[in-house]
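Worksheet: the structure to be examined is printed underneath.
Protein chains: 2
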Amino acid sequence: MPRPRVSVFIAVSLDGFIARTDGGIEWLAMVEDEHGEDYGYGEFFADCDVVVMGRNTFDMVAGFDPWPYAGKRVIVLSRRDADLPEGAEIRQGPVAELLLALAEDGAKRIYIDGGDTIRQALAEDLVDDMTLSHIPVMLGRGLPLFGPEVPHGRWQLLGARHFPTGLVQATYRRLE
Amino acid sequence: MPRPRVSVFIAVSLDGFIARTDGGIEWLAMVEDEHGEDYGYGEFFADCDVVVMGRNTFDMVAGFDPWPYAGKRVIVLSRRDADLPEGAEIRQGPVAELLLALAEDGAKRIYIDGGDTIRQALAEDLVDDMTLSHIPVMLGRGLPLFGPEVPHGRWQLLGARHFPTGLVQATYRRLE
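Chains E and P, in that order, are what the protein sequence lines are. If you read the first sequence in the numbering used here, its first letter stands for residue -9, the second for the next number, and so on. If you read the second sequence in the numbering used here, its first letter stands for residue -9, the second for the next number, and so on.
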């Protein structure tokens, strides 16, 4: 059974944070585009069968109205129960076992979201591709995307582009 | 007296490190280009009057043969003496006072190098522009480029480009 492709698509400050220390992401608004530019997110999202996120990320997006993952299978990695929107379920890790189960369900591409879950997937060498969108801001402190559990390794640049808002986006593929 | 322009031009891993924990930068070799592509460094270097670096950076480059800054005024920020190549001098910080002195000497553009010195200059809001070259590698651990002393602030993207070696380079200007 082929393992599903595992993808990251995330915005990060120039100094490597995905949120303020309190989880705040209001600074992302600076790249909101009046012409509706979504930086490829819609196409990426449509190509993924399942979203896997950690509990912290879920608790942050759970309050979003409308639920941003409507119609998509969402798996929240957590040991605690939660009020779940339709289509969402709770599982315990580790990520590697979850991916095996998702492969059995026929999943082709998994969207991994949230710092903890991304780092865990990187640590287990499970991430196949990664699209990083650098936002032209420094936060100084915050929740980091990467960390010491991320293994040393080379990546192949698949493409890069930049936008009038100052966002610089690069997509990488893990090299064996 | 106009303050000289202060510029950063530095390579960084995808996870934000400028060197391994032991100072190692052998991973930069992965973007060495057989056609002699220098990613704009030569042009940048030629445009700077003075190089300012911290003691750790100096101790690392001091052993390079030939001395990479021949013909350029180099200032090493340190409280300790050192064997200095021709054209190099030792000063004590802080960076802001040094820039005032350099302005009096007629310096137009300063190249700030080394993590400690760059962070100090950022903390004092002295950096005017910054060219970051992201190398397609994760190190996991190392000497970080940024840190908590870097103040929150927006930057303006001046331009970005990428190269067949996988290097993604973006230049930013500090917004007031």
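We put the CB at the ideal spot given by N, CA and C, even for glycine.
For residue i, which residues of its own chain have a beta-carbon under 8 Å away from its beta-carbon, when the five flanking residues on both sides are left out?
{"i": "residue 107 of chain E", "result": "42, 43, 44, 47, 67, 85"}
{"i": "residue 114 of chain P", "result": "84, 85, 86"}
{"i": "residue 58 of chain E", "result": "51"}
{"i": "residue 159 of chain E", "result": "29, 30, 121, 122, 123, 124, 150, 151, 152, 153"}
{"i": "residue 77 of chain E", "result": "59, 60, 61, 62, 63, 64"}
{"i": "residue 93 of chain E", "result": "-9, -8, -7, -6"}
Within 10 angstroms of its Cβ, does residue i collect 16 or more other Cβ (buried), or is it exposed?
{"i": "residue 74 of chain E", "result": "exposed"}
{"i": "residue 109 of chain P", "result": "buried"}
{"i": "residue 112 of chain P", "result": "buried"}
{"i": "residue 105 of chain E", "result": "buried"}
{"i": "residue 222 of chain P", "result": "Residue 222 of chain P is absent from the structure shown; chain P starts at -9 and stops at 166."}
{"i": "residue 157 of chain P", "result": "buried"}
{"i": "residue 103 of chain E", "result": "buried"}
Have a look at the DSSP bridge pairing and note the partners of residue i.
{"i": "residue 145 of chain E", "result": "E:164"}
{"i": "residue 82 of chain P", "result": "Per DSSP, none; premise fails for residue 82 of chain P."}
{"i": "residue 138 of chain E", "result": "None; residue 138 of chain E has no bridge partner."}
{"i": "residue -7 of chain P", "result": "According to DSSP, residue -7 of chain P bridges with nothing at all."}
{"i": "residue 70 of chain P", "result": "For residue 70 of chain P, which the question treats as bridged, DSSP gives no partner whatsoever."}
{"i": "residue 25 of chain P", "result": "Beta-bridge pairing links residue 25 of chain P to no other residue."}
{"i": "residue 101 of chain E", "result": "E:-3, E:41"}
{"i": "residue 63 of chain E", "result": "E:40"}
{"i": "residue 128 of chain E", "result": "P:143"}
{"i": "residue 116 of chain P", "result": "Answer is none; residue 116 of chain P lacks a bridge partner."}
Apart from the five residues on each side of it in sequence, which residues of its chain come closer than 7 Å, Cβ to Cβ, to residue i?
{"i": "residue 99 of chain E", "result": "-6, -5, -3, 37, 38, 39"}
{"i": "residue 97 of chain P", "result": "-6, 39, 40"}
{"i": "residue 162 of chain P", "result": "119, 120, 145, 146, 147, 148"}
{"i": "residue 55 of chain P", "result": "none"}
{"i": "residue 116 of chain P", "result": "-4, 85, 86, 89"}
{"i": "residue 27 of chain P", "result": "153"}
{"i": "residue 69 of chain P", "result": "82"}
In terms of residue numbering, what span does the beta strand (DSSP E) encompassing residue i cover?
{"i": "residue 50 of chain E", "result": "Residue 50 of chain E -> not in any beta strand (DSSP E); alpha helix (DSSP H) instead, spanning 45 to 51."}
{"i": "residue 119 of chain P", "result": "119 to 125"}
{"i": "residue 9 of chain E", "result": "7 to 9"}
Between which two residues does the alpha helix (DSSP H) holding residue i run?
{"i": "residue 108 of chain E", "result": "105 to 113"}
{"i": "residue 31 of chain E", "result": "31 to 37"}
In chain order, what residues of the same chain lie with their CB nearer than 6 Å to the CB of residue i, ignoring the 5 residues before and after it?
{"i": "residue 137 of chain P", "result": "109"}
Under 8 Å, Cβ to Cβ, is there at least one residue of chain B near residue i?
{"i": "residue 25 of chain P", "result": "Within the model displayed, chain B is absent; protein chains E and P are what it includes."}
**Item:** Cβ contact check for the segment 129 to 137 of chain P and the segment 1 to 9 of chain P: 3 or more pairs under 8 Å
**Value:** yes
**the segment 117 to 128 of chain P contacting the segment 143 to 151 of chain E, beta-carbon criterion three pairs below 8 Å** = yes
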